[in-house]
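Colleague:
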Amino acid sequence: MIYLDNNATTAVDPLVREAMLPYLGEAYGNPSSMHRFGQESRQAVEQARHQVAGLLGCDVRELLFTSCGTESNNAAIHGVLAIRSPRMTIITSSVEHSSVREPLQALVKSGYRVIEIPVDLRGHLDMAALDTALGDPDLALVSIMWANNETGVVFDVAAIGGKCRAAGVPLHVDAVQAAGKLSMAVRDLPVDLLSVSGHKFHGPKGVGALYVRRSVRWQPWLRGGPQERDRRGGTENVAGIVGLGKAAELAREALADDRSWQRVAILRDRLESELIAKISDAHVNGDPNHRLVNTTNIGFAGLEAEAILLLLSERDVCASAGAACSSGSLAPSHVLRAMRLPERVAHGAIRFSLSRRTTDADIDGALAIVPGVIDRLRATLPV
Ligand SMILES: Cc1ncc(COP(=O)(O)O)c(C=O)c1O
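Just so we're aligned, residue 654 is where the sequence shown starts under our numbering, counting upward by one.
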């Protein structure tokens, strides 16, 4: 199998699995229990908190564990809005993941106003439109992603945060695709809340974290027991949290080693440039100079992404077509539509996303298969 769908999920690193195993076996104590057996689990959870804080560059007390990136985003949004009442206006971008889009759309039904800041053809946020929106006197929250899951385009979080600070409105950043791929020191950034998810950087699925700056007023979203210092009820997923911690430690080491991600960038660039050279009417979507180094989104003009993915899957190549297509819809994803790409390019857009584990052989294999698949489909098109 050639796995080039790492923005969807990544393989669990063997060292992560090894770190988790005791907590799926003999070390099953509840971290809230007073006895020593439970306290061993507590220590494991706290060690993981240090590891994640190390990756994000924040204080351990500013981090709480959640069940996924989606929960972190929901908790951030609802947790801030509960405090900011009666303010009813939220600013977001037109290219957010559904875990931000959907809660915001639901909030519109209960009376909130959501201002979507547009992006340009390269996927960049319209900063002038953000300035205008930030003049609204009724602002409760800004929620904007760091890196886009479909194109890899990276927003200038420092600049966005600076503007939010000046306007006196809290900023939540969905960093689910950025964490583990970009070096970050959240403590030095004008960011108030930030979401991450373990399975995007070789941790397990079903565990995430939310950073909440100490000075930020916020209410717990998932209420129950006193876990996570009263900020998130529910017995901790100890094995998952330990896995997230180990994955964060490994991701931090890889980010400190320039060669690790440089190698990924070289592989991605080779895949992209050779596909563009071999296949006519193929276009890179998103600003090539401000992207995650693991992602390329290529539009094969005149084709449907679903057909391409199906044939690639038959040849054991895993890639992705963007959010909307994966739910069985033929419409291009909201991200590509927001970028106002020509329809004939957006419909045939395929995302290839690499990881630290992607090999030269994977790229050779993809380059041997993808052009043939595109030729075959184009040969069947009506003239
Ligand atoms: C940008 C972004 N935010 C949030 C999520 C949701 O994360 P999770 O799958 O952990 O709920 C994803 C997952 O694809 C994502 O890409």
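In this text, a Cβ means the ideal position worked out from N, Cα and C, and glycines have one as well. Just so it is clear, the structure is predicted and the values come from calculations on it, not from any experiment.
1) What's the gap between the Cα of ARG867 and the Cα of SER694?
2) Which same chain residues, not among the five before or five after ALA680, have their C-beta less than 7 Å away from its C-beta?
3) How many Å lie between LEU989 and GLY878 at the Cα?
4) Ignoring anything shorter than 4 residues, give me the alpha helix (DSSP H) runs that lie fully in the region 881 to 966, in order along the chain.
5) Can you list, in chain order, the residues of its chain whose CB lies under 7 Å from that of ASP666, leaving out five sequence neighbours each side?
6) Enumerate, from N- to C-terminal direction, the unbroken beta strand (DSSP E) stretches of 3 or more residues contained entirely within the region 810 to 863.
7) Tell me, please, which residues DSSP counts as bridged to ALA974.
8) Is ASP841 near ligand 1, in the sense that its beta carbon is under 7 Å from a heavy atom of that ligand?
9) State the start and end residues of the unbroken alpha helix (DSSP H) segment that holds MET798.
10) Please specify which runs of the alpha helix (DSSP H), each continuous and at least 4 residues long, are wholly inside the region 713 to 766, giving them in chain order.
11) So is LEU1034 buried or exposed if we call it buried at 16+ other beta carbons inside 10 Å?
12) Could you give the distance in angstroms between the alpha-carbon of GLY610 and the alpha-carbon of ILE1003?
13) State yes or no: is the C-beta of ARG968 within less than 8 Å of the C-beta of ILE1022?
14) Find out if the Cβ-Cβ distance for the pair VAL767, LEU760 is shorter than 8 Å.
15) Can you tell me whether ALA661 is helix, strand or coil according to DSSP?
16) Rounded to a whole number of angstroms, what is the C-alpha to C-alpha distance between GLY707 and ARG905?
17) Using C-beta distances below 7 Å, list every residue in its chain close to GLN700, excluding the 5 sequence neighbours before and after it, in chain order.
Modeller: For this structure:
1) Residue 867 sits at position 214 when you count from the first residue of the sequence shown. Residue 694 sits at position 41 when you count from the first residue of the sequence shown. Cα-Cα distance, rounded: 25 Å.
2) On the sequence shown, residue 680 is found 27 positions in, with the first residue counted as 1. If we look at ALA680 and ignore the five residues flanking it on each side, its Cβ neighbours are GLU693, SER694.
3) The residue labelled residue 989 in the question sits at position 336 within the sequence shown. The residue labelled residue 878 in the question sits at position 225 within the sequence shown. In this model, LEU989 and GLY878 are separated by some 42 Å (Cα to Cα).
4) Restricted to the region 881 to 966, the alpha helix (DSSP H) segments that are unbroken, complete and at least 4 residues in length are 891 to 909, 911 to 931, listed in chain order.
5) Taking the first residue of the sequence shown as 1, we reach residue 666 at position 13. Result list for ASP666: HIS855, ALA900, LEU903, in chain order.
6) Correct list: 824 to 827, 846 to 850.
7) Within the sequence shown, the letter at position 321 stands for residue 974. In the DSSP output, where bridge partners are listed per residue, ALA974 has none listed.
8) As a first step, residue 841 must be located in the sequence shown, where it is residue number 188. Between ligand 1 and ASP841, a heavy atom-to-CB distance of less than 7 Å is absent.
9) For the purposes of this step, residue 798 is taken as the residue at position 145 of the sequence shown. Segment 792 to 798 is the beta strand (DSSP E) holding MET798; no alpha helix (DSSP H) there.
10) With a minimum length of 4 residues, the continuous alpha helix (DSSP H) runs that stay inside the region 713 to 766 are 722 to 737, 751 to 762.
11) Counting from 1 along the sequence shown, the entry for residue 1034 is found at position 381. Note on LEU1034: under 16 other CB atoms within 10 angstroms of its CB, so exposed under the neighbour-count rule.
12) No information on residue 610 is available, as it lies outside the stretch 654 to 1036 that the chain covers here.
13) For this step, residue 968 is matched to residue 315 along the sequence shown. For this step, residue 1022 is matched to residue 369 along the sequence shown. Closer than 8 Å, so yes.
14) Translated into positions along the sequence shown, residue 767 becomes position 114. Translated into positions along the sequence shown, residue 760 becomes position 107. With contacts defined as CB atoms closer than 8 Å, VAL767 and LEU760 qualify as a contacting pair.
15) In the sequence shown, residue 661 corresponds to position 8, counting from 1. DSSP places ALA661 in the coil class of the three-state scheme, outside both helix and strand.
16) Counted from its first residue, the sequence shown places residue 707 at position 54. Counted from its first residue, the sequence shown places residue 905 at position 252. Going from the Cα of GLY707 to the Cα of ARG905 covers about 7 Å.
17) On the sequence shown, residue 700 is found 47 positions in, with the first residue counted as 1. Cβ neighbours of GLN700 beyond the five flanking positions: GLY898.
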